[in-house]
Amino acid sequence: MTVLNLVIFLPLAGTLALLVLPRLGERAAGAFWITVTALDLALVLVLWATYGGGMDHETRVRWIPSVNASYHVGVDGLSLPMLALTSLLFLVCAVYSLGRGRAFAALFLFLQSVCLGLFSALDLLLFFVFFDLSIVGMYFVIAGWGHGDRLRSALKFFLYTFLGSLALLLGFIGLYLGSEPHTFDIVDLTAEPPLKDSPGTAALVLLAVGIGLAVKTPTVPVHTWLPPAHTDAPAAGSAILAGVLLKMGVYGMLRIAMPMLPEAWRRYAGVILVIGLVGAVYGALVALAQENVKRMIAYTSVSHMGYIVLGLGAAGMAGDAAAHRLAVAGGVTQMVSHGLLTGALFLLSGVFYDRAGAYDMGRYGGIARNAPVFAGLTAIAAFGAFGLPGLSGFIAEFQIFTGTIGGGGTATAVAGALALPGILLTAALFLRMLHRTMLGGPGPDTGRVTDLRAAETTAVVPLLALSLLIGIAPRFLLDVIEPASAVLVSLVSR
Amino acid sequence: MSGALGWALPALPTVAGGLLAVGGRRADRPAPAVAVAVAAVTAGLAVAAALLRPSVEAPMLAGLPVGMAVDGMSSVLVVTVSAVTLAVLVFAAGEMPPSARFHGLMLVFSGAMLVTVTATDLLLLLMAWEVMGAMSYALIGFWWREDGRVRSADTAFLTTRTGDLGLYLAAGAAFAGAGTLSLDGLEATAGPWRNVVAAGLLAAALGKSAQLPFSFWLSRAMAGPSPVSALLHSATMVAAGAYLLLRTQPLLAATGWAAPAAAWAGAATALLLGTVALAQSDLKQLLAASTSAQLGFMVLAAGTGAVAGGTAHLVAHAAVKSLLFLVAGAWLAALGTKDLGRLHGVARRHPFVGAMFTVGALALAGIPPLSLWITKDTVLDAALRTSWPLYAVGLAATVLSAAYAAKAMLLVWLPADDETSATTRAISPLEKAPLPPLALVAAGFGLVVVFWTPWHRLVGGPPEPPPALTGLAASAVLVLMTFSWAVRRYVRGSLQPVVMTGPRWASSTAVNWLHLERAVSAVIVRPVLALAGALARFDDRIVDGAVRASAAAALRASSPVARRIEAGVDGAVHAIAASGIRAAAFSVRRAESPVDSVVRGVGSAARRLGRLARRPQTGQVHIYYVQAVVLLFALAAVLVLLG
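Chains A and B are the protein sequences, given in the same order.
Just so you know, we're using numbering that gives the first Met the number 0 here: the first sequence kicks off at 0 and counts up by one.
Just so you know, we're using numbering that gives the first Met the number 0 here: the second sequence kicks off at 0 and counts up by one.
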C-alpha cells in the first residue's frame, strides 16, 4: 500500500468506520472526522515532500483486463496541488461543520476519497467512476443538508452534470476505440495520442469530452446548474463544490483533452479561447447584478473558470512556448487559488444563513460594527478573489493574462485584452458586496449577525493564510506546477 | 548587507503595518507610537539606501524574477516618500484618535509606494501599485459607517483600477515583444508591441495621477481623514503615476506618439483642473484639484523629456501639498467640524500654523523664490523647447495656479462674516511639529537649480539645461501680477461667488470637476449596470429557460412511456441494471468487444443510479433517469456504428 493509495482510501475507511460504529456520538464523530482529514492532509504533505518529479507514486493493478482498464494512480505537478487543495479543504470543512453529525461526516469522507481518487486517476474508466461518484456524493450533500429549494437544486445539479458525464463517457469510449492497442490507460494514451489519422473523429471525441468537462467546469452556456446548487447547498458543500468539484472539469482538460487530442485542441483553440473569454466577462457581468451573496459568488466562479479556459485555449494557439507555459501554469495556480479563496468565501457566506437565514445583501449592512472578524476576513477573501496582488488570485491571473496577451499572436492578445475588464467588474461586484453587507448603515438583519465562532475562524484563516503565502512567495507551488505545465505544453504542440 | 537593506526598506513598514492592521482593538493604544517609530526607522533606512544603493532580486514566476533597486531617481523618491510618511504619521499621532487599523494601513500604504518606486520590473511594480490602490480604498473609506464615504472609496478604487488594467496589458505586450518585464530597456520592445506597452503604461499613470479623464476620483478621495489626504496627494499614490512616466520616459520618446500624448494630457490637466481649483469654495476640494493640476506639470515633464525637472517638481510639490493638507486637517480638527465653510479667517486665530500655510500657498502659487516657481519653470522650459502651444498652455496653467493659491490663502486669512467659528481645542505640538520642516523644503527646494548638474546626474534622463533666466523672469512677472490682482480682488469683494466670470455653464462645469464623474456614470457605469441586469435576466430566462424547456419537452414526449413504466419503474431500473450485469458477465466471458465495456459501464452506472433514483421520491427522477439511460444507449450505439 503506497502513500498515495493510503491518501485516497483513508477517508473511505473513515466512512466505513463511522457506519459500523453507530454508537459514536455527534461530538466524537466530529472529532473522528477532523482526525481522519488531518491525517490525510499530513499524508499528502508526505507525498509532496517525497515527490520526485515527473509521474511519481504510481500504482498499477489489473482491473478489467479485457478492455485494458486498470486501477492506475499516480501524481505529477498537475495533480499534486489538487490533492493538497482537496485534503486541506475537506479538513477545514470538517472543522467548520463541527456538530453536523455522523452521516454528514461519513458522506464527506466518502466524497473526499472520490475527489482524491479522481485527481490521482491515470485510467479513463477509473477517472469516470470517480467523476460520477462525485456527482452522486454532492447530490446527497445538497439534497440531504441543503436549504431552500434543495431537492430541486440537487436534482438539477445531478441531472445536468450526469448528462454531461455521459458525453464524457462517450468521448472516453471514442479515445479507447481510437487507440491502438485499445486502452483506457491515461499514460499510454498520452504517450501515443489516439485518432492521429482521423481528425474528424478526433474533433467529435473532443466535442464529447469537451461537453462533459464544460458542464462540470462550468463554462457558459452550460453553467446554469451552478447558481441554484450553490445557493441551496450547505456552506461546507458549497466550499467543496466550488473548491474541488469544479476543478475536475478543468483538470480533465489538462489531463485528458489537451494531451490526448493535441491536434484537435490546437485546431479548435480559437473556439476554446472565445468560450473562456465569454465566460470570464459574462460571468462577472451576471454576478454584478445578483442580490443573493451566494449566487453572486457562484457566478464569479463561472468567471474565474473562464480565465483558466481562456489560458488553456491560448496555449493551443500558435505562439511562444514560454507564454503557453505561463498561461497553463497560471491556470493550475488559479485552480488552487480559486479553491482557497472561493472556499473561504462560501464558508463565510454560510455565516449569513446560519445567523439570519438569508443571503440577500439588502437585508444587511454595517456588519463590521458587531462582527469585525467576519467583516475583515470576508474583505480579505473578496480582495483576493478579485485578484489583488499579495494574494494568490493575482499570481494566477497575472500568469494567465501575460501568457495569453504575450503569446505573440494578435488573436490571443485581443482576447486577453478583452478579458481584462473582467477583473475590473469582479472588483466592482465584490466592493459592492462588501459595501452592502459589511459597511455603511445597518439593515434589518444586521443585528442578528454575531461574529465568527472559533470553529468558523479556525476553518477560514488557514485558507486565507495560504492564499497570502502563494500571493507573496509562490515558488513552493510553482516549482511543482511549472515542470508539469512545460510537459503539457510540449504534448499539446506535438 | 546591502541586500538586506534592499528588502528591509519596504518590508519594515509593510509587515509592521500589516500586523498593526490585523491587531484588533488591543493594538489601538500603542499604534500611533509604533507607527511613528517604524516610520522613523524607515526614513533612516531610506537615507541609507540612497547612499548605499542596494539592489535585490528574487525568483517569482517562470523566467520572470522580481527585483528592487535604488538608483538615482529611486533614491530621491524613497527619501521623499519616507520623510513625508514620517511627517504625516507624527501629525496623525496628534490629530487622529489612536487606531491600529488606521496607522497600520498608512504604513502598508507607504511600504507599497516604496516598492513601487524601487521595482525594476513590471510585475513587482504592478503588485505594489495595486496594493497601494487597495490601501487607498481602505483609508478613504476609513469611516466606513457612512455610506457616502464608502461610495467615495469605491469610486476612487475602481477608477484607478480601470487605469491599472493598462499595466496588465503592458506586461503582456512587454512579454510578447521583449520576453522580459524589466523596466529598463522597455523602449527596445519589438515592433508594434512597444506601442501597446506605452499605451498601457500611459493609461495606468494617468489613472493613478488623477489626470484627465480620470481626475474626478481625487475629489472623492477627500472623504478620508486629513492625514490620508496629506499622504495620498503628495508623495504617494498620485505621485506614482508621474514617477512611472518619468521612469519610462525613454519608452514614451521612442514610440513617437506617447511622449506628445503624455505632454498634452499633462498640460490639459494642469490647465483645466486649474480652473476647477479656482472654482472651488471648499478648501480641501480646491487643494485636491490643484493636486491634479500640479501633477499635470510632472506628466508634461515626462512627455517633454524633462526628467530631472519633473522629479524636482515632484519632490517640491510633495512638501508643499503635504504641508497644506496637514494644516487644513489641523484646523478642521481644532474647529471640531467637517464643515469647511467655517475655515474662514481661521489663520488669524492660529498665527503659527497660519504662517506655515501661507508658505505653502505662496509656494503653490509659484511666487519667487519659492520652490515650485523654479521647479515648474524647468518643466515649462522643456515644453518651450518641444512646442510653443504646449508652453502657452503651461504658462496659462501657471497663471491659474497663482490665482487658486491666492484664493486658498485668503480664504483662511480674511475675517469671517460671522464670528461663530470658535476653536474647540488647541492644535497639539505633535500636529505642529512636522510643519516647519515641510515648510522649509517647500520654500527652499528651488535651490536645486543652483546644484543643477549634480541633480541632473543623480536623477538621470536626457540632457536638460537648467531653467533659462528669461523663462524664470517671465513666469515670475506673470505670477506676481496674477497673485496681486487676485489678492486685491478677493480683499475687495467676498470670496463668494466664484471669481470666474463667464457663462454660467462654464462656472458650473468647473465647480463640478468638469462633470467628469457624471459623464463616466452616464457613459460607462449605468450602461454596464443595465447590461449586467439584462444579462442576469437573460441567464435566468433564456439560458436556463432553454434547459428547463428541453427538460420539460423531454418529459412530455416520454410521458406516455413514463406512465406505463411509472408503476414498475423500480423493476425497470432493476431490469436494466440486471441486464447490464448479465451483459457485463457475458462480456467478461467473451472479453473482446469494446461494446462490452460500454455495456458494463452502463450496467454498473445503472445499478448505482437505481439506488439513488429511489431516494428523493419526487416521481420525476425516475423519468429523467430512464431518459438518461436511453440516451446513453443511443449515443453509444451511434458511436459504435461510426467506429
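Glycine included, C-beta positions come from ideal geometry on N, C-alpha and C.
For isoleucine 307 (chain A), count neighbouring Cβ atoms within 10 angstroms of its own Cβ and tell me buried if that reaches 16, exposed if not.
Taking the first sequence and counting its residues from 1, one reaches residue 307 (chain A) at position 308. Taking all protein chains in view, the Cβ of isoleucine 307 (chain A) is crowded by 16 or more other Cβ atoms within 10 Å, so the residue is classified as buried.
For threonine 274 (chain B), count neighbouring C-beta atoms within 10 Å of its own C-beta (all shown protein chains included) and say buried if the count is 16 or more, exposed if not.
Position 275 of the second sequence, counted from the first residue, corresponds to residue 274 (chain B). The residue in question, threonine 274 (chain B), is buried, as its Cβ has 16 or more Cβ neighbours within 10 Å.
Cα-Cα, which of A:Gly278, A:Gly145, A:Ala313 is closest to glycine 408 (chain A)?
As a position in the first sequence, residue 408 (chain A) is number 409, starting the count at 1. Nearest option by C-alpha distance: A:Ala313.
Between the segment 362–369 of chain B and the segment 233–245 of chain B, do three or more beta carbon pairs fall short of 8 Å?
no
Can you look up arginine 59 (chain A) in the DSSP assignment and give me helix, strand or coil?
Position 60 of the first sequence holds residue 59 (chain A). Arginine 59 (chain A): strand per DSSP, three-state reduction.
Since methionine 134 (chain B) contacts leucine 104 (chain B) with CB under 8 Å, what's their CB separation in whole angstroms?
The residue you call residue 134 (chain B) lines up with position 135 of the second sequence. The residue you call residue 104 (chain B) lines up with position 105 of the second sequence. So it is a contact: roughly 5 Å between Cβ atoms.
Which one of B:Ala473, B:Leu168, B:Leu323, B:Arg160 has the shortest CA to CA distance from glycine 405 (chain A)?
The sequence position of residue 405 (chain A) within the first sequence is 406, counting from 1. Answer by Cα proximity: B:Leu168.
Just by C-beta distance, which residues in the segment 206–221 of chain A are closer than 7 Å to chain B?
Pro220
Can you pull the chain B neighbours of tyrosine 281 (chain A), defined as C-beta to C-beta under 9 Å?
Along the first sequence, read from residue 1 onward, the residue named residue 281 (chain A) stands at position 282. Here the neighbours are Leu534, Asp538.
Take threonine 188 (chain B) and list the residues in its own chain whose beta-carbon comes closer than 8 Å to its own, dropping the five residues that flank it on each side.
For the purposes of this step, residue 188 (chain B) is taken as the residue at position 189 of the second sequence. Excluding sequence neighbours, threonine 188 (chain B) sits near Ala172, Ala173, Gly176, Ala177, Val196, Leu250.
For chain A, find out if any of its Cβ atoms is closer than 8 Å to the Cβ of methionine 95 (chain B); answer yes or no.
Sequence index remark: in the second sequence, residue 95 (chain B) carries index 96 (1-based). Not a single C-beta of chain A is nearer than 8 Å to the C-beta of methionine 95 (chain B).
Kindly indicate if chain B contains any beta-carbon less than 8 Å away from that of histidine 71 (chain A).
Within the first sequence, numbered from 1, the residue matching residue 71 (chain A) stands at position 72. Answer no: the Cβ-Cβ gap between histidine 71 (chain A) and chain B never drops below 8 Å.
Between the alpha carbons of alanine 201 (chain A) and isoleucine 255 (chain A), how many angstroms are there, rounded?
Numbered from its first residue, the first sequence carries residue 201 (chain A) at position 202. Numbered from its first residue, the first sequence carries residue 255 (chain A) at position 256. Alanine 201 (chain A) and isoleucine 255 (chain A): Cα-Cα distance of roughly 13 Å.
I want to see whether chain A comes within less than 8 Å of methionine 126 (chain B), judged by CB atoms only; does it?
The count along the second sequence starts at 1 and reaches residue 126 (chain B) at position 127. At least one chain A Cβ lies under 8 Å of methionine 126 (chain B).
I want to see whether chain B comes within less than 8 Å of glutamate 57 (chain A), judged by CB atoms only; does it?
By one-based count along the first sequence, residue 57 (chain A) stands at place 58. It does not; no Cβ of chain B falls within 8 Å.
According to the neighbour-count rule (16 or more other Cβ atoms, all chains shown, within 10 Å of its Cβ), is valine 60 (chain A) buried or exposed?
Your numbering for residue 60 (chain A) matches position 61 in the first sequence. Valine 60 (chain A) is exposed by the Cβ-count criterion.
Please decide whether tryptophan 143 (chain B) counts as near chain A, where near means a Cβ-Cβ distance under 8 Å.
Taking the first residue of the second sequence as 1, we reach residue 143 (chain B) at position 144. At a cut-off of 8 Å between beta-carbon atoms, tryptophan 143 (chain B) makes contact with chain A.
Just checking, does the segment 300–311 of chain B make contact with the segment 451–466 of chain B on the three C-beta pairs under 8 Å criterion?
yes
Near leucine 117 (chain A), which residues of its chain fall below 7 Å by C-beta distance, leaving aside the five closest residues on each side in sequence?
For the purposes of this step, residue 117 (chain A) is taken as residue 118 along the first sequence, with counting starting at 1. Counting only Cβ-Cβ distances below 7 Å, and skipping sequence neighbours, we find Phe126, Phe129, Phe130, Ser133, Met247.
To test your reading of the DSSP string, which unbroken alpha helix (DSSP H) runs of 4 or more residues are found completely within the segment 68–117 of chain A?
78–95
Against chain B, does threonine 160 (chain A) count as a neighbour if the rule is that its beta carbon must be under 8 Å from one of theirs?
Indexing the first sequence from 1 puts residue 160 (chain A) at position 161. Closer than 8 Å: no.
Could you check whether the segment 439–459 of chain A touches the segment 217–227 of chain A, counting it as contact only if at least three pairs of C-beta atoms, one from each stretch, sit closer than 8 Å?
no
Residues of the segment 398–412 of chain B with a CB closer than 9 Å to any CB of chain A: list them in chain order, please.
none
Between A:Gly470, A:Arg26, A:Gly211, A:Arg149, which has its C-alpha nearest alanine 228 (chain A)'s C-alpha?
Numbered from 1 along the first sequence, position 229 holds the residue referred to as residue 228 (chain A). With distances taken between Cα atoms, alanine 228 (chain A) lies closest to A:Arg149.
Could you tell me whether the segment 350–366 of chain A touches the segment 330–341 of chain A, where touching means 3 or more Cβ pairs closer than 8 Å?
no
Is there at least one Cβ from chain B nearer than 8 Å to glutamine 333 (chain A)'s Cβ?
Reading the first sequence from its first residue, position 334 is the one you call residue 333 (chain A). So, not an interface residue.
Can you grab the Cα-Cα spacing for the pair histidine 146 (chain A) / arginine 144 (chain B), in whole Å?
Translated into positions along the first sequence, residue 146 (chain A) becomes position 147. Translated into positions along the second sequence, residue 144 (chain B) becomes position 145. The alpha-carbon atoms of histidine 146 (chain A) and arginine 144 (chain B) are separated by roughly 32 Å.
Measure the Cβ-Cβ separation of methionine 297 (chain B) and leucine 322 (chain B) and say whether it is below 8 Å.
Walking along the second sequence from the start, residue 297 (chain B) turns up at place 298. Walking along the second sequence from the start, residue 322 (chain B) turns up at place 323. Cβ distance not < 8 Å, so methionine 297 (chain B) and leucine 322 (chain B) don't count as in contact.
So, with DSSP's three-state summary, where would you put serine 444 (chain A)?
Locating residue 444 (chain A) in the first sequence gives position 445, counting from the first residue. Before going on, a small fix: residue 444 (chain A) reads as aspartate here, not serine. DSSP places aspartate 444 (chain A) in coil when its eight states are reduced to three.
Is the Cβ of leucine 312 (chain A) closer than 8 Å to any Cβ of chain B?
On the first sequence, position 313 is the one that residue 312 (chain A) refers to. Inspection of the sequence shows that residue 312 (chain A) is occupied by glycine rather than by leucine. At least 8 Å separates the CB of glycine 312 (chain A) from every CB of chain B.
Can you tell me where the alpha helix (DSSP H) holding serine 54 (chain B) begins and where it ends?
Residue 54 (chain B) sits at position 55 when you count from the first residue of the second sequence. Element bounds for serine 54 (chain B): not the alpha helix (DSSP H) but the beta strand (DSSP E), 54–60.
Comparing alpha-carbon positions, which option in A:Leu194, A:Leu42, A:Thr223 lies nearest valine 546 (chain B)?
Walking along the second sequence from the start, residue 546 (chain B) turns up at place 547. The residue with the shortest Cα to Cα distance from valine 546 (chain B) is A:Thr223.
In chain A, what lies closer than 8 Å to leucine 331 (chain B) by C-beta?
Along the second sequence, one-based indexing puts residue 331 (chain B) at 332. By Cβ distance, chain A contributes nothing, its closest Cβ being about 23 Å from leucine 331 (chain B), past 8 Å.
Taking C-alpha atoms, which residue in B:Ala252, B:Pro465, B:Thr119, B:Trp512 lies nearest to glutamate 56 (chain B)?
By one-based count along the second sequence, residue 56 (chain B) stands at place 57. Measuring from the Cα of glutamate 56 (chain B), the nearest candidate turns out to be B:Thr119.
Taking the continuous beta strand (DSSP E) assigned at leucine 63 (chain B), which residues delimit it?
Stepping through the second sequence from its first residue, residue 63 (chain B) is reached at position 64. It spans 63–68 - the beta strand (DSSP E) in which leucine 63 (chain B) sits, taken as one unbroken run.
Pick out the complete alpha helix (DSSP H) segments inside the segment 179–210 of chain B, 4 residues or longer, and give them in chain order.
192–207
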